[in-house]
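Per UniProt numbering, the sequence shown runs over residues 1 to 103. Notes to accompany the following structure.
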Amino acid sequence: MRPLTGADDTQAKPAKYLCPCCGYYTFPVPANRDHGFICPVCFWENDGFVRSAINPSVCNHRITLQKARANFKEYGACEYESLQHVRLPEEDELSGLDDGVDF
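This is the structure in structure tokens:
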């Protein structure tokens, strides 16, 4: 897949990658490449060291990705306490590059 581009297709926008928690394309790098970026839609902090949805994430108060996904479905954030920090996805976050994150 090619990176997302502008409406007139002359000015390319940076590629966006799938957030492993909410499933929207908010990450500037693949989820397994970097850590420290926080998704503005669900407030999951990218943790490049988490290799499984059942492993606790040090970057996310030791909750698992599995629990964060369930929380996002129930509350709209990876943790209830993070609701004040989240927003709805923007149109350009509805699609992007698939980096193999399992949903």
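We put the CB at the ideal spot given by N, CA and C, even for glycine.
Annotation for Tyr25: no alpha helix (DSSP H) segment contains it, though the beta strand (DSSP E) segment containing it runs 25–27. Ranked by how close their Cα comes to the Cα of Ser82, the residues Gly36, His35, Phe37, Val41 have Val41 in first place. For Lys73, the enclosing alpha helix (DSSP H) covers residues 65–75. Taking a 10 Å sphere around the C-beta of Leu18, we find 16 or more other C-beta atoms and assign the residue as buried. Here Glu45 carries a strand assignment [DSSP, helix/strand/coil].
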